[in-house]
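Each step along the sequence shown adds one to the number in my numbering, with nothing skipped, and position 139 is 139. Quick notes on the structure that follows.
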Amino acid sequence: MTNAPLNPNKALWEKGDFTRIAATMRESGEALVQRIGIARESRVLDLGCGDGTTALPAAKLGANVVGVDIARNLVEAGNRRARELGRANCTFREGDATNLHPLPDDGFDVVVSIFGAMFAPKPFDVAKEMVRVTRPGGRIVMGNWIPNDPTLVAQILRISSAYAPPPPEGFVSPMAWGVESNVIERFGGAGVPAENITFARDTFVFNFGGPPARFVDEFRNYYGPTMNAFEAAEKNGRAADLQKELEELFSRHNTSTHATSIPATFLRVTVAVGQA
Ligand SMILES: C[S@@+](CC[C@H](N)C(=O)[O-])C[C@H]1O[C@@H](n2cnc3c(N)ncnc32)[C@H](O)[C@@H]1O
Numbered sequence: 001m002t003n004a005p006l007n008p009n010k011a012l013w014e015k016g017d018f019t020r021i022a023a024t025m026r027e028s029g030e031a032l033v034q035r036i037g038i039a040r041e042s043r044v045l046d047l048g049c050g051d052g053t054t055a056l057p058a059a060k061l062g063a064n065v066v067g068v069d070i071a072r073n074l075v076e077a078g079n080r081r082a083r084e085l086g087r088a089n090c091t092f093r094e095g096d097a098t099n100l101h102p103l104p105d106d107g108f109d110v111v112v113s114i115f116g117a118m119f120a121p122k123p124f125d126v127a128k129e130m131v132r133v134t135r136p137g138g139r140i141v142m143g144n145w146i147p148n149d150p151t152l153v154a155q156i157l158r159i160s161s162a163y164a165p166p167p168p169e170g171f172v173s174p175m176a177w178g179v180e181s182n183v184i185e186r187f188g189g190a191g192v193p194a195e196n197i198t199f200a201r202d203t204f205v206f207n208f209g210g211p212p213a214r215f216v217d218e219f220r221n222y223y224g225p226t227m228n229a230f231e232a233a234e235k236n237g238r239a240a241d242l243q244k245e246l247e248e249l250f251s252r253h254n255t256s257t258h259a260t261s262i263p264a265t266f267l268r269v270t271v272a273v274g275q276a
C-alpha cells in the first residue's frame with residue numbers, strides 16, 4: 001500500500017473516460033497534424049497526448065512518436081490503439097508536463113501539445129520542460145483554448161466553473177495559456193525571445209453521431225471537468241440547470257442537421273527553439 005499524496009491534476013483526468021470525447025476529435029486531430037507538417041523519421045513528443053488524437057496521425061506520417069500523459073488510463077488506451085493500428089513507431093508513457101525527467105535534453109525535433117500541457121499546473125515549469133526537451137532548431141506547437149472565446153470548449157469550461165466550487169488559492173487557470181502575452185512571458189522565462197513565437201487562430205471540429213443533448217451526456221458522464229461540475233451542481237440541486245445550459249450551448253453551435261458537428265476556436269502557438 002502506498003501513501004503517495006493524491007495529485008488532483010492526475011485524478012481529474014483519470015476520472016471518467018476522456019477517450020469518449022477524443023473519439024469525436026479524430027478528423028481534426030489528423031488534419032491538424034497535416035497542417036503542422038511532420039517529417040518522416042522526425043522525433044516527436046506529444047505532451048498531454050490523451051489516447052493519441054495527434055500522436056497516432058503523426059506516427060502515420062512516419063515520425064517516431066512518444067506520447068506522454070499524466071492519466072494512466074489514457075496511456076493504456078493510447079498503447080492499445082497503437083497496437084491495433086500497427087504503429088510500432090508510437091509509444092505512450094505516463095509522465096507529468098511539469099517535470100519530464102527522464103526524457104533527455106534536446107531529444108525531440110517537434111514537441112506537440114494540443115489541449116494537453118495547458119491543463120498542467122506550474123505553467124512556467126511546463127514551458128521550461130518543453131524547451132529543454134526540444135533540440136536547438138526544433139519547434140514546439142501548442143493548441144490552447146482561449147478564455148472568453150464564444151465557441152464550444154471555452155464556453156463548456158466557463159459554464160462548468162460557474163457550478164463548481166471556487167478553485168483553491170493560487171490556482172492558475174489553464175485558459176491563461178490562451179492569452180498571447182502569457183505565452184510570451186512563460187516561454188520568455190524559458191529563454192525564448194518573443195520574436196521566436198508566432199500565433200494563429202485555428203479550428204477543431206467535434207463530430208458526434210447523435211443529437212447535441214446526447215453529446216452533452218458524454219461530457220457529463222466521461223469528461224472530468226464537466227463530471228466535477230455536475231457533482232457540485234447535484235449537491236446544490238442545480239444539475240438540471242447545468243444540463244439545460246449545456247444543451248442550449250451545444251445546440252446553438254451545432255452545424256449538422258442529422259447528428260452533432262461543432263467547431264471550436266483555439267490559439268495555435270508555434271515556438272522556434274533557438275540554436276545552442
Ligand atoms: C483535453 S485532453 C486532450 C488530450 C489530447 N491531446 C487530445 O487532443 O485528444 C487533456 C490531456 O492533458 C493531460 N494532462 C493534464 N495534465 C497533465 C500533466 N500535468 N502532464 C501530462 N499530461 C497532462 C490529460 O490527462 C489529458 O489527456
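Ideal Cβ placement from N, Cα and C applies to all residues, glycine included. This structure is a prediction, so every number in the text was calculated from the model and none was measured.
Asked                                                                                                       : Found
For S160, the nearest candidate out of I140, A229, G170, T198 (CA to CA)                                    : A229
Same chain, Cβ closer than 8 Å to N182, five either side skipped, listed in chain order                     : P123, A176
Start and end residues, beta strand (DSSP E) containing D46                                                 : 43-47
Cβ neighbours of F108 in the same chain (closer than 6 Å, five flanking residues each side left out)        : R43, L45, V133, T134
Outcome for R201 when other beta-carbon atoms lying within 10 angstroms are tallied against a minimum of 16 : exposed
F208 beta carbon near ligand 1 (any heavy atom closer than 7 Å)                                             : no
Below-8 Å beta-carbon distance, A240 vs any chain C residue                                                 : Here there is only one protein chain, and chain C is not present.
Member of A240, E234, H253, A194 whose CA lies at the smallest distance from the CA of F208                 : H253
Anticipated Cβ contact below 8 Å, D51 with T19, distance rounded                                            : 5 Å
Cα-Cα separation between A194 and A39, rounded to whole angstroms                                           : 26 Å
Residue range of the unbroken beta strand (DSSP E) whose run includes G138                                  : 134-145
Residue of P121, L242, A272 minimising C-alpha distance to P284                                             : Only positions 1 to 276 of the chain appear in this structure, which leaves residue 284 out of reach.
CA-to-CA distance, A31 to K244, given in whole angstroms                                                    : 32 Å
First and last residue of the uninterrupted beta strand (DSSP E) at E94                                     : 90-94
Cutoff 7 Å; reference R26; Cβ partners in own chain excluding five residues on either side                  : T53
Buried or exposed (CB count within 10 angstroms, at least 16 for buried), T198                              : exposed
Same chain, Cβ closer than 7 Å to F215, five either side skipped, listed in chain order                     : F208, F250, T260
Distance, W13 Cα to D125 Cα                                                                                 : 20 Å
beta-carbon G50 near ligand 1 non-hydrogen atom, thresh 7 Å                                                 : yes
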